[in-house]
Amino acid sequence: MNDISVFPVRAFQDNYVWTLRQGSNAAVVDPGDAKPVLAYLKAQKLKLTAILNTHHHADHVGGNAELLEHFPVPVYGPYDERIPTVSHRVREGDRFTLQEFGVEFEVFEIPGHTKSHIAFYGGGMLYCGDTLFACGCGRLFEGTPAQMYDSLAKLAQLPAATRVYCGHEYTMANIKFGKAVEAGNAELAKWEQAAGAQRAKDEPTLPSTLAQEKLANPFLRCEQPEVIAAASKHAGKPLKDPVSVLGAIREWKNNF
Ligand code: ZN
Ligand code: FE
530 MNDISVFPVR AFQDNYVWTL RQGSNAAVVD PGDAKPVLAY LKAQKLKLTA ILNTHHHADH
590 VGGNAELLEH FPVPVYGPYD ERIPTVSHRV REGDRFTLQE FGVEFEVFEI PGHTKSHIAF
650 YGGGMLYCGD TLFACGCGRL FEGTPAQMYD SLAKLAQLPA ATRVYCGHEY TMANIKFGKA
710 VEAGNAELAK WEQAAGAQRA KDEPTLPSTL AQEKLANPFL RCEQPEVIAA ASKHAGKPLK
770 DPVSVLGAIR EWKNNF
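For my numbering, count along the sequence shown from 1 and bump the result up by 529.
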């Protein structure tokens, strides 16, 4: 391994523009706003060498054009015309290397939040945008519960130690919801303590790990009896398959 570090540049209310850095080089994931990124690069005397986009939402790609005016770099993103600034379109199974960082990323298609959402996995890091959140998952704007279930299952197969860099600081609210679903899960109380302490110091709660997500994230636990029971109770009918359970708790969370 090498000495890449990852810095959370904040944007808007609760977005993170994950900034990989090594030496004087930087690469950013989902720059929704160019301003804080440019300020950070300038203050740290860094040169931008690549942009990665997970999905087309403005809070993830809105800064591309302005960054490209300053740094004409490759932009890796999904096959989706709604992101015209993508120069390198990638799909499931594609791999590419960020030379300056010596990291090879593998691409996963993870529809659900949007239909063309992708994730980047490499160097033990997972950049998963608004699909898998710490203790939660994204809203189903363009996809079905079945798609989200499959996408989360795909990510869950990666090594347990994988560091999960998602797009938003939603952890505390997600843990609160998790406790409503799975009151008996002691991992949630432990996580709430730890994340609450981080937020009190205005620190990010991210990255999490896949190991932690599997222990506590209700959307990765749709086969657990307590999650099935809570989802069934909320839906007012017995739910038998994990996709229906995911659909029910996602709807529950929408109004939580
Ligand atoms: Zn989004
Ligand atoms: Fe977002």
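For every residue, glycine included, the Cβ atom is placed at its ideal position computed from N, Cα and C.
Note that the structure is predicted; figures quoted are calculated from it, not measured.
Asked	Found
Beta-bridge partners of tryptophan 547, as assigned by DSSP	Pro537, Val558
Separation of valine 546 from proline 733, as counted between CA atoms	12 angstroms
Chain-order list of residues whose beta-carbon lies under 7 angstroms from that of proline 767 (same chain, five-residue window excluded)	Ser761
Own chain partners of asparagine 784 with C-beta closer than 7 angstroms, once the 5 adjacent residues on each side are dropped	none
The segment 622-636 touching the segment 709-725, judged by at least three CB pairs closer than 8 angstroms	no
Distance, asparagine 746 Cα to glycine 713 Cα	13 angstroms
Close-in-space but distant-in-sequence residues of the same chain around alanine 724 (CB under 7 angstroms, 5 per side omitted)	Thr700, Met701, Ile704, Thr734
Where glutamate 698 falls, given that 16 or more other Cβ within 10 Å makes a residue buried	buried
Assumed close pair leucine 749, alanine 685 - CB separation to whole angstroms, cut-off 8 angstroms	6 angstroms
Spatial distance of alanine 563 from proline 613 (CA atoms)	16 angstroms
Distance, lysine 782 Cα to alanine 759 Cα	12 angstroms
Cross-strand partners of tyrosine 694 (DSSP beta bridge)	Tyr656
Ordered list of alpha helix (DSSP H) runs contained in the segment 560-625, each at least 4 residues	563-572, 587-590, 593-599
Inter-stretch contact (C-beta, 8 angstroms, three-pair minimum) for the segment 674-681 and the segment 530-545	no
Close-in-space but distant-in-sequence residues of the same chain around methionine 530 (CB under 8 angstroms, 5 per side omitted)	Any reading at methionine 530 must be qualified, since the residue scores a pLDDT of 48, below 50, and its modelled position is unreliable; no value is offered.
Given arginine 779 as reference, the closest of Pro688, Gly665, Pro736, Ala715 once Cα atoms are compared	Gly665
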